[in-house]
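Single-structure report; data block below.
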């Protein structure tokens, strides 16, 4: 989705993407980034899942509301991962040492699980991988 320069420049400083929250057509809410395009201008990536959810088609005009995402990691951290951080400070320290994009990747991987147990399993799996611990 193309973002007008007058909107993007409020949030984007230089060439670094700005973490945002967005609502499309008043109903589809998600976390995203306003990113600079190579040839000038700015965009927000609207992935296939969001396009299907909103029945969006290429070239369709959208109404969008964007605001700065003030969350610590640019994504909502699943409760299961937060609780693991509380009981495993070493794992939390390893997570904190990662690049922000890698942190968001782990958060998304855990959050995308549909059931609580799978979110727990994924959180433990990722922290164990960071720590180099053996697991089943």
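In the numbering used here, the protein residues as written are 2 to 137.
From the three backbone atoms N, C-alpha and C, an ideal C-beta is built for every residue, glycine too.
The structure presented is a predicted model; accordingly, all values stated were derived computationally and were not measured.
* What residue does the beta strand (DSSP E) around residue 67 start on, and which one ends it? -> 65-69
* To do: Please look up how many angstroms separate the CB atoms of residue 20 and residue 70, rounded, as I've assumed it's under 8 Å.
  => A Cβ-Cβ distance of about 4 Å is found for the pair residue 20 and residue 70, placing them in contact under the 8 Å criterion.
* C-beta atoms of residue 85 and residue 35 nearer than 8 Å -> no
* Between 94, 72, 38, 79, which lies nearest to residue 15 when the distance is taken from Cα to Cα? -> 38
* **Three-pair Cβ contact test at 8 Å for the stretch 96-110 versus the stretch 72-82** => Yes: the two stretches touch, three or more of their Cβ pairs being nearer than 8 Å.
* Asked: Nearest-angstrom Cα distance between residue 93 and residue 61?
  -> 42 Å
* Beta carbon of residue 80, beta carbon of residue 43: below 8 Å? -> no
* List the endpoints of the continuous alpha helix (DSSP H) containing residue 131. => 117-132
* So the alpha helix (DSSP H) residue 61 belongs to, where does it begin and stop? -> Counting along the chain, residue 61 falls outside any alpha helix (DSSP H), and DSSP gives it neither H nor E.
* Closest to residue 2 by CA distance: which of 23, 47, 87, 28 is it? -> Closest option to residue 2, Cα to Cα, is 47.
* **Collapsed DSSP secondary structure at residue 4 in the structure displayed** => strand
* Could you spell out where the beta strand (DSSP E) holding residue 43 opens and where it closes? => 43-45
* How many angstroms separate the CA atom of residue 67 from the CA atom of residue 126? -> 34 Å
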